[in-house]
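In the order they appear, the protein sequences are chains A and B.
Residue numbering for the first sequence follows this note's numbering, beginning at 1107 and increasing consecutively.
Residue numbering for the second sequence follows this note's numbering, beginning at 1107 and increasing consecutively.
Backbone N, C-alpha and C fix where the C-beta goes; we use that ideal spot for every residue, glycine too.
There are 2 protein chains.
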Amino acid sequence: MSDAVPDVARAEIVGAVRRALAKHGYARLTTKKVAAESEKSEAFFFYHYDTKDDLVVAFLDWATERSAERLAAIDSDDPVTRLFVACDVLVGDYEDEDDRGINVAMMELLSHAPHDEAFHDRLSAYKRSVIDELAAIVSLGIESGAFRDVDPEATAAYLLMTADGTTGAVMALGMTDVGEKVRERLFDYLTSTVLADGVSPPAAFA
Amino acid sequence: MSDAVPDVARAEIVGAVRRALAKHGYARLTTKKVAAESEKSEAFFFYHYDTKDDLVVAFLDWATERSAERLAAIDSDDPVTRLFVACDVLVGDYEDEDDRGINVAMMELLSHAPHDEAFHDRLSAYKRSVIDELAAIVSLGIESGAFRDVDPEATAAYLLMTADGTTGAVMALGMTDVGEKVRERLFDYLTSTVLADGVSPPAAFA
DNA sequence: ATGTGTTGAGTAAGTACTTAGTCAGATCGT
DNA sequence: ACGATCTGACTAAGTACTTACTCAACACAT
């Protein structure tokens, strides 16, 4: 669909937007700064995309796709493992600088979503899909008897909101101590409230 | 401290910045748009504050103070009631348009915090103070025997992160259904994990 | 008269986006 | 085979406009 932009050009553009966002933030983003993050000229970006906003949307599409793929890539048949790993992925890795930049950028676009329809549409679709994905894991666990009979949708939403809030404080403000504590509580919650009696968390999340 | 700006002028300025942020977002905020939200001229704002950023910081100071006051204003001696009401306040009221605008604006400033030291300093101090406040309530509850022997700091951080994530998705994306579900789960969490055996939630939070 | 508050009319430095053109390589008629 | 022509990718140098911020001048209370 609408693949007017060649892959190699889009990769270059998305990379430059990503680096510029990490360095300056969305509010201070200019097309000049984007171009400065690549070897190409400023006009190069306007040759492939019509407006500055389209550049950012291209980055956002890439970022949401990447995040969705990371969730989908969890390769385990065990619902218990899948749920713990999924939450771990959603909270994010604040040691990794690239990851941090991408997460902060997505947050800034999220908070600008009320004023930008393209951001709003893409981000709410993304959040919905993550909730669906988590709810599917929860449903699977209930069927297999590993989980209690909780409401899958509500549980999924609850877990995602906790993860989102944590990435905000940790990635944007650097409150890593809070991040550690919340991660711990979150896994405690899964163990005590979602897992059925007698089921233990995966070894890595003790 | 540093009350160079008269109260009446500051109120006018903070109000105009608040309305401009609600209407356009931080990324698209201009001093012209701020002035358009008041009867005063653009130069009026530069007479009282040196830079555009100072105007936004004045708003941020007002907003964090307002939020902190709301938490502190909870008037109950019962730790159970105080904890439930505090969480209710933190998740926010997404029916109220003003409240929504303020919360979205604070979120946008939060996600810009990595690129703005003034934002970073104010917002991390604010988050810390909220965690402290919540932790104090939890400690009180433990002493009184109404709560289990949980870690006050970790529990406080966990609750705040969940509330923060929820306001994000709900206020910025309008996912009110998710908000309802999470609120419900959050109160369930308090009831089943924080409250001691036999202690019931306040009537309003059944 | 002096100081405090306020403004209309600026200005220099950006801002997103355009234009007119270069250039490498595919396609073509002969 | 070989030049002519076309096409998509790319850019240097703009353009029209917006931006944050300034300043001389005015109002008015003390």
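Of all alpha-carbon atoms in A/1154, A/1155, A/1159 and A/1150, the one lying nearest the alpha-carbon of residue 1135 of chain A is that of A/1159. Within the stretch 1194-1225 of chain A, 1210, 1213, 1214, 1216, 1217, 1218, 1219, 1220 and 1221 place their CB atoms closer than 7 Å to a CB of chain B, listed in sequence order. The straight-line gap separating the alpha-carbon atoms of residue 1281 of chain B and residue 1275 of chain B is approximately 6 Å. In terms of Cα proximity to residue 1215 of chain A, the closest of A/1291, A/1167, A/1144 and A/1119 is A/1167. Listed along chain A, no residue sits closer than 7 Å to residue 1124 of chain B by beta-carbon distance, the nearest being about 14 Å off.
A distance below 6 Å between beta-carbons, with the five flanking residues on each side excluded, links residue 1312 of chain A to no residue of its chain. For residue 1126 of chain B and residue 1146 of chain A, the gap between their C-alpha atoms comes out near 36 Å.
Ranked by Cα distance from residue 1149 of chain A, the options A/1177, A/1115, A/1181 and A/1173 are led by A/1115.
Annotation: residue 1307 of chain A is outside any alpha helix (DSSP H) and is labelled neither H nor E by DSSP. For residue 1113 of chain A, the enclosing alpha helix (DSSP H) starts and ends at 1113-1130.
Per DSSP, residue 1215 of chain A has no beta-bridge partner at all. Checking the DSSP bridge columns, you'll see residue 1253 of chain B partnered with B/1301.
At a beta-carbon threshold of 9 Å, the residues of chain B lying near residue 1130 of chain A are 1221, ordered along the chain. For residue 1295 of chain A, the chain B residues whose Cβ falls inside 9 Å of its Cβ are 1264, 1295 and 1299, in order along the chain. Residue-level contact by beta carbon holds for residue 1279 of chain B and chain A, with a gap shorter than 8 Å.
Using a CB distance cut-off of 8 Å, residue 1287 of chain A counts as an interface residue toward chain B. For the 8 Å CB-CB criterion, residue 1307 of chain A and residue 1297 of chain A form a contact. Under the criterion of beta carbons closer than 8 Å, residue 1302 of chain B and residue 1252 of chain B qualify as touching, at roughly 6 Å.
The beta-carbon separation of residue 1197 of chain B and residue 1291 of chain B, rounded to 11 Å, does not stay under the 8 Å limit for a contact. Note that the C-beta distance between residue 1305 of chain B and residue 1217 of chain A is not below 8 Å. For residue 1202 of chain A, the three-state secondary structure derived from DSSP is coil. The stretch 1240-1250 of chain A makes contact with the stretch 1258-1274 of chain A; the number of CB pairs closer than 8 Å reaches 3 or more. With fewer than 16 other beta carbons inside 10 angstroms of its own, residue 1231 of chain A counts as exposed. The C-beta of residue 1206 of chain B has 16 or more other C-beta atoms within 10 Å across all chains shown, which makes the residue buried. In this structure, the beta-carbon distance from residue 1180 of chain A to residue 1172 of chain A does not fall below 8 Å. Inclusion of residue 1140 of chain B and residue 1152 of chain B in the CB contact set at 8 Å is not warranted, their separation being larger than that value.
The DSSP-derived three-state label of residue 1177 of chain B is helix. Within the stretch 1139-1171 of chain A, no complete beta strand (DSSP E) segment of 3 residues or longer occurs. Taking the C-beta atoms as reference points, residue 1208 of chain B is found nearer than 8 Å to residue 1169 of chain B. Nearest C-alpha to residue 1236 of chain B among A/1284, A/1259 and A/1222: A/1284. Interface residue (Cβ-Cβ distance to chain A less than 8 Å): residue 1261 of chain B is classified as such.
Straight through space, the alpha carbons of residue 1165 of chain A and residue 1176 of chain B are spaced by roughly 38 Å. Note on residue 1113 of chain A: under 16 other CB atoms within 10 angstroms of its CB, so exposed under the neighbour-count rule.
In the three-state reduction of the DSSP assignment, residue 1267 of chain B falls in the helix class.
The shortest CA-to-CA distance from residue 1293 of chain B to any of B/1192, B/1229 and B/1256 is the one to B/1192.
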